[in-house]
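Residue 29 is where the sequence shown starts when you use the working numbering, and the numbers rise one by one after that. Cβ coordinates follow ideal geometry from the N, Cα and C atoms, glycine included. Bear in mind the structure is a predicted one, so any value in this text is a computation, not a measurement. Read the structure below first, then the notes.
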Amino acid sequence: LMTSLVLQAFRKLVEAKDRNGEQKLLFPQKRDGSCRYSEQEFKQMFIEVFCQSTDVKGLKYSVETPTRKKYSSKGAKFGIDSDGISGNLDLCIHQKGGDGKWQRLHAVEFKANNVDVWKDLVKLAGELNADSFSRENYFIQVLYTADKGTLDSLCQKYVGYKEELKQLHLSTEGIVVYLLYVDGVKRMCEKSCYSRFSLEAGLKEELLEL
29 LMTSLVLQAF RKLVEAKDRN GEQKLLFPQK RDGSCRYSEQ EFKQMFIEVF CQSTDVKGLK
89 YSVETPTRKK YSSKGAKFGI DSDGISGNLD LCIHQKGGDG KWQRLHAVEF KANNVDVWKD
149 LVKLAGELNA DSFSRENYFI QVLYTADKGT LDSLCQKYVG YKEELKQLHL STEGIVVYLL
209 YVDGVKRMCE KSCYSRFSLE AGLKEELLEL
């Protein structure tokens, strides 16, 4: 289900790059006339797809959802801290339990470009199993430009993230990552493509065309 939602939203995002196309969303322009690309556009597309999908019957979503655990940057490294403060999750998908209460099924974090995503992954790992349905959380990273060097950099980063999470005794098995390459990867795949992998297994240099 999640892969279907992600890829439908990804197609809409790629279509939106054509400012004269059918998509209603425009990427905002900066003073120099260039477009500003961020994760917000994909998040909007994902919500639209979620609301229109017939496959999510019985599910609801929330945005900027407060975390169950507290976090802080003690020692210049972000992590769980009982003396810290609650964070926010970009989006959560909820399912109603037998007691009639809505519980979190999945937490989702979004990020654009090849930047540090440590805080996002810590929250996703820290919030696993927070509710009785919660067994898998998702991180979606949108890359608007990429080449072989970008892919090599991402491979190294995700190995590091996995090891650091394990040092914090946080599980990486329930974290699934989607890397969305909007304009493809230069000299590897010239079309829009993506990778999907569990953080535990690690990123492989396998690109799937959209």
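Taking 6 Å as the limit between beta carbons, can you name the residues of its chain near residue i, skipping five residues before and five after?
i           : result
residue 49  : 43
residue 90  : 120
residue 191 : none
Buried or exposed for residue i, going by 16 or more other Cβ atoms inside 10 Å?
i           : result
residue 231 : buried
residue 229 : exposed
residue 122 : buried
residue 54  : exposed
residue 200 : buried
residue 120 : buried
residue 177 : exposed
residue 221 : buried
residue 150 : buried
residue 203 : buried
residue 93  : buried
residue 165 : buried
residue 128 : exposed
residue 115 : buried
What residue range does the alpha helix (DSSP H) around residue i cover?
i           : result
residue 74  : 67–80
residue 239 : Limits of the chain in this structure are 29 at one end and 238 at the other, which puts residue 239 out of reach.
residue 30  : 30–44
residue 178 : 176–195
Span of the beta strand (DSSP E) holding residue i?
i           : result
residue 224 : 221–226
residue 138 : 130–140
residue 166 : 165–171
Of all the options the options, which has the alpha carbon lying nearest to the alpha carbon of residue i?
i           : options            : result
residue 68  : 125, 170, 126, 47  : 170
residue 98  : 184, 203, 153, 181 : 153
residue 208 : 133, 138, 223      : 223
residue 197 : 85, 107, 47        : 107
residue 213 : 234, 193, 226      : 234
residue 147 : 38, 175, 193       : 193
residue 145 : 46, 227, 56, 236   : 227
residue 51  : 40, 57, 59, 61     : 40
residue 30  : 83, 211, 117       : 83
residue 105 : 77, 86, 195        : 195
residue 174 : 189, 158, 188, 218 : 218
Tell me which same chain residues have a C-beta within less than 7 Å of the C-beta of residue i, skipping the five on either side of it?
i           : result
residue 181 : 142
Quick one: residues in its chain with C-beta nearer than 8 Å to the C-beta of residue i, no 5 flanking neighbours on either side, listed in chain order?
i           : result
residue 161 : 123, 125, 131, 132, 133
residue 215 : 175, 176
residue 70  : 37, 38, 41, 138, 140, 168, 170, 208
Determine whether the Cβ of residue i lies closer than 7 Å to any Cβ atom of chain C.
i           : result
residue 164 : Included in the structure is just one protein chain, with no chain C present.
Where are the beta strand (DSSP E) runs, 3 residues long or more, that stay fully inside the stretch 101–125, in chain order? 113–124
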